[in-house]
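A.B. asks: Per the working numbering, residue 1 is the first one in the sequence shown, and the count goes up by one each step.
For each residue, glycine too, the CB sits at the ideal point set by N, CA and C.
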Amino acid sequence: MSSFKKIKIIKPDDCHVHLRDEKILKKVLRYTERFYQRAIIMPNLDKPIIDCKKAIAYKSRIMDLSKNTKFEPLMTCYLTKDTSLNELKNGFFNKIFIGAKLYPNQSTTNSKTNINNLSEIFHILELMQKIKMPLLIHGEENHFNIDIYDREAQFIDKTLVPLRKIFPELKIILEHITTKEAVSYIKEANSSYLAGTITPHHLMLNRNNMFFGGIQPHLYCLPILKRKIHQNSLKKAISDGNKNFFLGSDSAPHLYTNKINPLGCAGIFNAPSSLLCYVTIFEEMKALKYLESFCSKNGANFYNIPINKESITLIKKPSKILEKINIGKNFISPFLSGEILHWSIL
Ligand code: DOR
Ligand code: ZN
Numbered sequence: 001m002s003s004f005k006k007i008k009i010i011k012p013d014d015c016h017v018h019l020r021d022e023k024i025l026k027k028v029l030r031y032t033e034r035f036y037q038r039a040i041i042m043p044n045l046d047k048p049i050i051d052c053k054k055a056i057a058y059k060s061r062i063m064d065l066s067k068n069t070k071f072e073p074l075m076t077c078y079l080t081k082d083t084s085l086n087e088l089k090n091g092f093f094n095k096i097f098i099g100a101k102l103y104p105n106q107s108t109t110n111s112k113t114n115i116n117n118l119s120e121i122f123h124i125l126e127l128m129q130k131i132k133m134p135l136l137i138h139g140e141e142n143h144f145n146i147d148i149y150d151r152e153a154q155f156i157d158k159t160l161v162p163l164r165k166i167f168p169e170l171k172i173i174l175e176h177i178t179t180k181e182a183v184s185y186i187k188e189a190n191s192s193y194l195a196g197t198i199t200p201h202h203l204m205l206n207r208n209n210m211f212f213g214g215i216q217p218h219l220y221c222l223p224i225l226k227r228k229i230h231q232n233s234l235k236k237a238i239s240d241g242n243k244n245f246f247l248g249s250d251s252a253p254h255l256y257t258n259k260i261n262p263l264g265c266a267g268i269f270n271a272p273s274s275l276l277c278y279v280t281i282f283e284e285m286k287a288l289k290y291l292e293s294f295c296s297k298n299g300a301n302f303y304n305i306p307i308n309k310e311s312i313t314l315i316k317k318p319s320k321i322l323e324k325i326n327i328g329k330n331f332i333s334p335f336l337s338g339e340i341l342h343w344s345i346l
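1. If you measure between the beta carbons of K47 and N308, is that distance less than 8 Å?
2. What is the residue span of the alpha helix (DSSP H) that R61 lies within?
3. Would you kindly work out how many angstroms separate the C-alpha atoms of G338 and H201, rounded to a whole number?
4. Output the distance between the C-alpha atoms of G139 and V183, rounded to the nearest integer angstrom.
5. Anyone know if the C-beta pair for D347 and S296 falls short of 8 Å?
6. As a quick exercise: from K81, K59, M133 and E141, pick the residue whose alpha carbon is nearest that of S107.
7. Using DSSP bridges, identify the partner residues of I41.
8. When the distance is taken between beta carbons, is T197 closer than 8 Å to C15?
9. With DSSP run on the structure shown, which of helix, strand or coil describes A252?
10. According to the neighbour-count rule (16 or more other Cβ atoms, all chains shown, within 10 Å of its Cβ), is N208 buried or exposed?
11. Return the residue from the list E175, N94, L160 and I281 that minimises the CA-CA distance to K101.
12. Does the Cβ of D147 have 16 or more other Cβ atoms within 10 Å, making it buried, or fewer, making it exposed?
13. Count the C-beta pairs between the stretch 236–251 and the stretch 280–290 that are closer than 8 Å, then say yes if the count reaches three, no if not.
14. Unbroken beta strand (DSSP E) runs of length 3 or more, entirely within the stretch 171–248: which are they?
15. Which of helix, strand or coil does DSSP assign to N326?
16. Just mark F122 as buried or exposed, buried being the case when its beta carbon has 16 or more other beta carbons within 10 Å.
17. Which residue from F35, P223, N326 and H342 puts its Cα closest to that of K347?
18. Specify the secondary structure class of K5 as computed by DSSP and reduced to three states.
19. What does the alpha-carbon distance come out to for the pair P134 and L322?
20. Check whether the Cβ atoms of I305 and I9 sit closer than 8 Å, and answer yes or no.
21. When burial is assigned at 16 or more other CB atoms within 10 Å of the CB, is K180 buried or exposed?
22. Tell me where the beta strand (DSSP E) around G139 begins and ends.
23. What would DSSP say about A300, mapped onto helix, strand or coil?
24. Here's a check: name, in chain order, each residue in its chain whose Cβ is nearer than 6 Å to the Cβ of N244, leaving out the five neighbours to either side.
25. Give the straight-line distance between the Cα atoms of S249 and Y31, rounded to the nearest whole angstrom.
26. Measuring only from the beta carbon, is D250 closer than 7 Å to any heavy atom that is part of the ligand ZN?
27. Going by the beta-carbon positions, is the gap between G264 and K23 smaller than 8 Å?
28. Between H201 and the ligand DOR, is there a pair consisting of the residue's CB and a ligand heavy atom that are separated by less than 7 Å?
29. Our contact map puts I268 next to L219 with C-beta atoms below 8 Å; I'd like the distance itself, whole angstroms only.
30. With burial defined as no fewer than 16 other Cβ atoms inside 10 Å of the residue's Cβ, what is the status of Q231: buried or exposed?
31. Along the chain, where does the beta strand (DSSP E) that runs through S274 open and close?
32. Keeping to the same chain, check which residues put their C-beta closer than 7 Å to that of I163; ignore five residues upstream and five downstream.
33. Could you tell me whether any non-hydrogen atom of the ligand DOR is closer than 7 Å to the CB of L222?
34. Using 7 Å as the cut-off, classify the Cβ of T109 as near or not near the heavy atoms of the ligand DOR, replying yes or no.
35. Helix, strand or coil: how does DSSP classify I332 here?
36. Taking the alpha carbon of I56 as the point to measure from, which residue in K67, E33, I98 and T69 has its own alpha carbon closest?
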């Protein structure tokens, strides 16, 4: 019998992941489907997923490449001001879409949404509130004059607070939160209409890591890594067992040549290590008793989908994180590439 500590939890859902398409999808999918039963798939492809037809086709490209017959991709619709109400309603009622994603215009990779002012989509939000369709938000106020470190806090004050007054029963997921302001806002709202996802990289790192020993382009993501005080506030949020925070890795692969580039892309590919990172942090915070609810229950409950039946066992045994994934002559460099974590999957 091995003496390694083991933890068995319900198989988790990754409530925010970028799988991309074609040759990248083919290489990255296996990591997400190994650790997660379901994943909420971001729609910001080069040609975004703006309607049911595109979502169905993208989902079948994912399923065709999947090696795990039990893995379920949950699709999202990319909102623009031209999004058709019928399309959204049919997509939601027919379970093609689990929710719709709002990117502030030009806020990140493939986010030229054409929405300049939220009032342009109030009719869409009104419908979503009525049919209880979740709205996933990249919460950054995106303006050149707003300091990049303040964009999330400003988004809450300037956009989210007023928006929730107009649509108090709209189910909102503030994605990949990074600040103490977001943590307090979600905690204080204490609402079944507001939740936040938290990434492994925002839990493990702060902005110092991005400049440690030289600039580290692989740690550039959006929202950008913040001060340690914010990192600590995220760690505290997950270790209190609050049901309004859950797992969303924001694993976002980019080819090496697009990262190491004068205009390098934002995004951290963490799928090979995300779950191992979460267990590492929960252990550090002496909060392992809340690991399962964060990874496998809170998200499902918020999205109103059944809790998974399968389980997964994590074992306290060192594992080395994959160094790179070759994609033709190019490659993708994973988060914590070549480093050792103290946890593995049984
Ligand atoms: O760092 C990020 N990368 N943040 C996002 O919001 C998008 C993502 C991507 O698609 O690469
Ligand atoms: Zn994302």
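C.D. replies: Per the coordinate set shown:
1. no
2. C52 to L65
3. 16 Å
4. 13 Å
5. Summary: the structure shown does not reach residue 347, with the chain confined to residues 1 through 346, and so no result is reported for it.
6. E141
7. V17 and M75
8. yes
9. coil
10. exposed
11. E175
12. exposed
13. yes
14. 172–174, 194–198 and 245–247
15. strand
16. exposed
17. Nothing can be reported for residue 347, as the shown portion of the chain is limited to 1 through 346.
18. coil
19. 34 Å
20. no
21. buried
22. Neither: G139 is in no beta strand (DSSP E) and is coded neither H nor E.
23. helix
24. I186 and A195
25. 12 Å
26. yes
27. no
28. no
29. 7 Å
30. buried
31. Per DSSP, S274 belongs to no beta strand (DSSP E); it is in the alpha helix (DSSP H), S274 to E284.
32. Note that residue 163 corresponds to Leu in the displayed sequence, not to Ile. The answer, listed in chain order, is L118.
33. yes
34. yes
35. strand
36. I98
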